[in-house]
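Going by full-length UniProt numbering, the sequence shown opens with residue 1, and the numbers climb by one from there. Using N, Cα and C, we set each Cβ at its ideal position, and we do this for glycine too. Here the structure is laid out as structure tokens; the discussion comes afterwards.
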Amino acid sequence: MTTSRVAVQLGKEEVSASSAKLRHSPRNLPQHLKEKLEQPRPEREPDIKTLPSIIFNGRIQYVDDFFKCAQICDDLIQAVKHNQKEFVPVGFDLEWPFNFQTGSGKTALVQICLEDSVCYLLYIYSLKKLPAAFVELLCHSKVKLVGVNVKNDVWKLGRDFKEFPAQKVVENNCLDCGTYANKVLKRSCRWSLERLTAYLLRKKISKDPEVRMSKWHIQPLSNAQKNYAATDAYVCVICHKYAVMLRLGVFSPQLYCLYDDDRRREMTCNKLIAMYSYFLIFS
């Protein structure tokens, strides 16, 4: 090949390479793809094993009687009615026995947490019917049951107690923390409560298989079981609060680590939510 031909060939290759670069340049991408490129990459999830534990340190109120369960739910309905918020987030979770041969057993325990100071554990395994006050609480127009995959728990309750209006509660009273966090974080993750807690709070919750897979239907429940159950419902409330703060732009997961004391952290969180909610309503 002559020198002139080599030069022409090299020139064509350079033009071709330049054209390819130009075609793939961000300046020539459609607007929606440009916006995707310009978005900051989501923060990486922390290594759960390295995180400190989070444990519910408030009062645990455990009841295993129909009438006591009804009384607690009546009291909670009054608390919800007198709450000035438009809706009241209620940490909600269930526990039931599981067997690899027979599958899921009947719901044994319902965990309800409205605040960080007290968590209610309602043992319902032996009940033939749910108290009317329990159903009224979960259906209340101001109540939002917050948790991860919380709708699945509500459907489970409906399967175990046929009179429970699961569809109504799913449609009107459920707020999934994982779905809400995805909207705020602009992600599409399938969160577990463990992963969401690690990401938002930089804490790990106990998922000890000996407790998680224990015989929840057999009384008395151990302190380890009660603490495990209460912590799950408590963390649901906290994850919801911090997701709200992320939406309001007053929180990042790194800020959570600035506070060593859980109570101080909670007080600060509540004050910020109240302040910015007021600002959004009245500005």
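For Val148, the closest of Tyr234, Leu246, Val63, Glu43 by C-alpha to C-alpha distance is Tyr234. CA-to-CA, the gap between Leu201 and Cys239 works out to about 7 Å. Between Pro131 and Cys73, the beta carbon gap of about 6 Å places them in contact (Cβ cut-off 8 Å). As far as DSSP is concerned, Glu194 takes part in no beta bridge.
Partner residues in the beta bridge of Ile112, as assigned by DSSP, are Phe92, Tyr120. The three-state secondary structure of Lys156, taken from DSSP, is helix.
Each of Lys142, Arg44, Gly249 was checked against the Cα of Leu76, and the nearest Cα belongs to Lys142. In the structure shown, Val148 adopts coil according to DSSP, grouped into three states. Here Asp153 really is in contact with Asp93; their C-beta atoms are around 7 Å apart, less than 8 Å. Taking a contact to require three or more Cβ pairs closer than 8 Å, the region 52 to 64 and the region 85 to 104 do not qualify as touching. Of the candidates Glu163, Glu171, Trp191, Trp191 places its Cα closest to the Cα of Gly178. Exposure of Gln78 is indicated by the presence of fewer than 16 other C-beta atoms within 10 angstroms of its C-beta.
The residue among Thr231, Val244, Ala243, Gly249 with its C-alpha nearest the C-alpha of Leu121 is Thr231.
DSSP places Ile205 in the coil class of the three-state scheme, outside both helix and strand. Judged by beta-carbon spacing, Phe164 lies beyond the 8 Å limit of Val146, meaning their Cβ atoms are not closer than that value. In the structure shown, Gln219 falls within a coil segment according to DSSP collapsed to helix, strand and coil. Excluding sequence positions up to five before and after Asp176, its CB lies within less than 6 Å of the CB of Val150, all in the same chain and listed in chain order.
Residue Ser214 holds the alpha-carbon nearest to the alpha-carbon of Asn99 among Leu127, Leu248, Ala229, Ser214. Annotation for Val80: Val88, His140, Lys142, Val143 place their beta carbon closer than 7 Å to its own, counting only its chain and skipping 5 residues before and after.
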